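Okay, so here's the structure we're looking at.
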Amino acid sequence: MHESARSAPPFRTAVRLLTRTTPFLFFNLAVYGGFLLGFIGWIAVFGGLAAFFGPRIELLGAIFLFLTVLGPVVILGFGRRYFLYMVKGAHIAVITKLLVEDELPADQGQVAYGREVLRTHFRDMNILFVLDRMVYRTVQRFTRRFVRLVDWLPLGIGAGKLARWVSAIVRRSTSYVDEAILSYAIARDEPNVWKSARQGVILFAQAYPPILMTAVKVWILGRVIFVALLLALGIPAVLVLLAFNAIWLQVAVLVGVLVTASLLVRAVYEPFATAWVVLTYHYAIAGLEVDPAWDERLQSISGEFKKLAGRARDFRGAGVAG
Numbered sequence: 001m002h003e004s005a006r007s008a009p010p011f012r013t014a015v016r017l018l019t020r021t022t023p024f025l026f027f028n029l030a031v032y033g034g035f036l037l038g039f040i041g042w043i044a045v046f047g048g049l050a051a052f053f054g055p056r057i058e059l060l061g062a063i064f065l066f067l068t069v070l071g072p073v074v075i076l077g078f079g080r081r082y083f084l085y086m087v088k089g090a091h092i093a094v095i096t097k098l099l100v101e102d103e104l105p106a107d108q109g110q111v112a113y114g115r116e117v118l119r120t121h122f123r124d125m126n127i128l129f130v131l132d133r134m135v136y137r138t139v140q141r142f143t144r145r146f147v148r149l150v151d152w153l154p155l156g157i158g159a160g161k162l163a164r165w166v167s168a169i170v171r172r173s174t175s176y177v178d179e180a181i182l183s184y185a186i187a188r189d190e191p192n193v194w195k196s197a198r199q200g201v202i203l204f205a206q207a208y209p210p211i212l213m214t215a216v217k218v219w220i221l222g223r224v225i226f227v228a229l230l231l232a233l234g235i236p237a238v239l240v241l242l243a244f245n246a247i248w249l250q251v252a253v254l255v256g257v258l259v260t261a262s263l264l265v266r267a268v269y270e271p272f273a274t275a276w277v278v279l280t281y282h283y284a285i286a287g288l289e290v291d292p293a294w295d296e297r298l299q300s301i302s303g304e305f306k307k308l309a310g311r312a313r314d315f316r317g318a319g320v321a322g
């Protein structure tokens with residue numbers, strides 16, 4: 001980690017790095033804005049079909065209404081996995097390079113540079129997805145096995161339900177942790193990304209409390225912002241719903257509000273949330289050495305980590321694409 005990154009807390013450094021990577025914020029807004037326009041077109045077409053066929057052929061109208069609601073969810077899930085994650089991955093790569101070297105190439109745009117870093121380390125997009133899935137599932141398994149939230153909550157009798165509720169939040173927040181471990185693999189800057197990711201998971205297990213705590217904070221803050229956006233967008237939406245009785249329009253407006261709020265959170269808040277967790281991870285593991293005992297524990301509880309360890313051992317340079 002560069003000395004300039006050590007001189008401030010993770011939150012403040014995350015804000016500073018975010019201001020240094022504003023091209024990604026504009027790029028995110030452009031990408032998600034495109035998705036929003038696509039969703040509006042989808043809702044207009046299928047909502048219109050539902051309105052047209054509903055009074056005439058009820059079954060067909062119901063099918064189009066179902067597609068009106070389901071389409072945006074499926075498209076966003078597919079887009080997030082294949083296109084949007086590449087945007088986020090490129091941003092993580094640039095944040096990591098700034099964290100390690102405190103500078104970027106002056107003759108190349110940040111988005112293009114971040115994608116180049118991803119291609120250099122992972123060769124193929126499928127490698128990134130496979131590795132990320134292994135890391136995510138290992139972190140989930142570790143959290144269920146070793147993070148005992150009941151011990152953290154001195155609430156006596158009745159703490160069980162609250163602990164289960166908090167556990168659900170922790171599990172959802174671990175999606176940020178695999179991104180931090182991806183950052184570690186990039187920071188290691190070695191050909192065997194499987195080995196780097198394996199070490200990154202072990203170091204997380206050794207220093208998880210502050211990392212998980214930050215992940216929980218950013219997850220909760222993200223939900224608060226999402227609810228605030230729903231309220232801000234929902235007030236004018238309610239006025240629209242009061243003016244019209246058509247069920248298809250009510251569904252379309254409701255879906256539009258939910259999708260717009262979700263896209264705004266993903267476009268503007270998620271980059272900051274990712275940077276905060278990534279920085280907390282690097283702060284927490286600074287100076288730690290990989291403990292072989294944790295390597296054995298993780299392999300004993302997680303089949304995905306065992307696969308990750310196997311890929312790290314079997315790596316043969318050119319075999320990275322496998």
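Number 9 in this note's numbering belongs to position 9 of the sequence shown; there are no gaps in the numbering.
All C-beta atoms in this analysis are idealised placements derived from N, C-alpha and C, irrespective of residue type, glycine included.
Just so it is clear, the structure is predicted and the values come from calculations on it, not from any experiment.
| field | Where residue 107 falls: helix, strand or coil (DSSP) | value | What you label residue 107 is simply residue 107 of the sequence shown in a count that begins at 1. Looking at residue 107 - three-state DSSP - the assignment turns out to be coil, as it is neither helix nor strand.
| said: Quick check: what's the CA-CA separation for residue 72 versus residue 85? | reply: Counting from one through the sequence shown, the residue named residue 72 turns up at place 72. Counting from one through the sequence shown, the residue named residue 85 turns up at place 85. Rounded to whole angstroms, residue 72 to residue 85 spans 17 angstroms at the Cα level.
| query | Which residue from 40, 177, 270, 102 puts its Cα closest to that of residue 215? | reply | Within the sequence shown, residue 215 is the residue found at index 215, counting from 1. Taking only the C-alpha atoms, the option nearest residue 215 is 177.
| task | For residue 324, count neighbouring C-beta atoms within 10 Å of its own C-beta (all shown protein chains included) and say buried if the count is 16 or more, exposed if not. | result | Residue 324 lies beyond the residue range present for the chain, which begins at 1 and ends at 322; the question has no answer from this structure.
| How is the alpha helix (DSSP H) around residue 275 delimited, first residue to last? | Within the sequence shown, numbered from 1, the residue matching residue 275 stands at position 275. Note, residue 275: alpha helix (DSSP H), 270-285.
| Run through DSSP, which three-state label would residue 256 get? | Taking the first residue of the sequence shown as 1, we reach residue 256 at position 256. Of the three classes helix, strand and coil, the one that applies to residue 256 here is helix, per DSSP.
| request: Could you name the residues of the same chain whose beta carbon sits closer than 6 angstroms to that of residue 341, not counting the 5 residues immediately before and after it, in chain order? | output: As displayed, the chain neither begins before 1 nor continues past 322, which places residue 341 out of reach and without an answer.
| field | Option nearest residue 281 by Cα separation, candidates 18, 206, 123, 59 | value | Taking the sequence shown and counting its residues from 1, one reaches residue 281 at position 281. Of 18, 206, 123, 59, the residue nearest in Cα terms is 206.
| query | With residue 93 and residue 114 assumed to form a contact (beta carbons below 8 angstroms), what rounded beta-carbon distance in angstroms separates them? | reply | Your numbering for residue 93 matches position 93 in the sequence shown. Your numbering for residue 114 matches position 114 in the sequence shown. Right, their Cβ atoms sit about 4 angstroms apart.
| message | Counting beta carbon pairs with one atom in the stretch 127-146 and one in the stretch 183-197, are three or more of them shorter than 8 angstroms? | response | yes
| message | Quick check: the Cα distance between residue 41 and residue 298, rounded to an integer number of angstroms? | response | The residue labelled residue 41 in the question sits at position 41 within the sequence shown. The residue labelled residue 298 in the question sits at position 298 within the sequence shown. About 47 angstroms.
| query | Applying the criterion that 16 or more other CB atoms from any shown protein chain within 10 Å of the CB defines a buried residue, is residue 227 buried or exposed? | reply | Counting from one through the sequence shown, the residue named residue 227 turns up at place 227. Residue 227 comes out exposed.
| message | Between 274, 244, 306, 252, which has its C-alpha nearest residue 15's C-alpha? | response | Along the sequence shown, read from residue 1 onward, the residue named residue 15 stands at position 15. Nearest C-alpha to residue 15: 274.
| Would you call the stretch 291-311 and the stretch 234-249 in contact, with 3 or more CB pairs under 8 angstroms? | no
| For residue 168, the nearest candidate out of 191, 59, 219 (CA to CA) | Translated into the one-based positions of the sequence shown, residue 168 becomes position 168. Comparing Cα positions, the closest option is 219.
| query | What number of angstroms, rounded off, separates the C-alpha of residue 36 from the C-alpha of residue 76? | reply | Locating residue 36 in the sequence shown gives position 36, counting from the first residue. Locating residue 76 in the sequence shown gives position 76, counting from the first residue. Those two C-alpha atoms are separated by around 10 angstroms.
| query | What runs of the alpha helix (DSSP H), each 4 residues or longer, lie entirely inside the stretch 32-72? | reply | none
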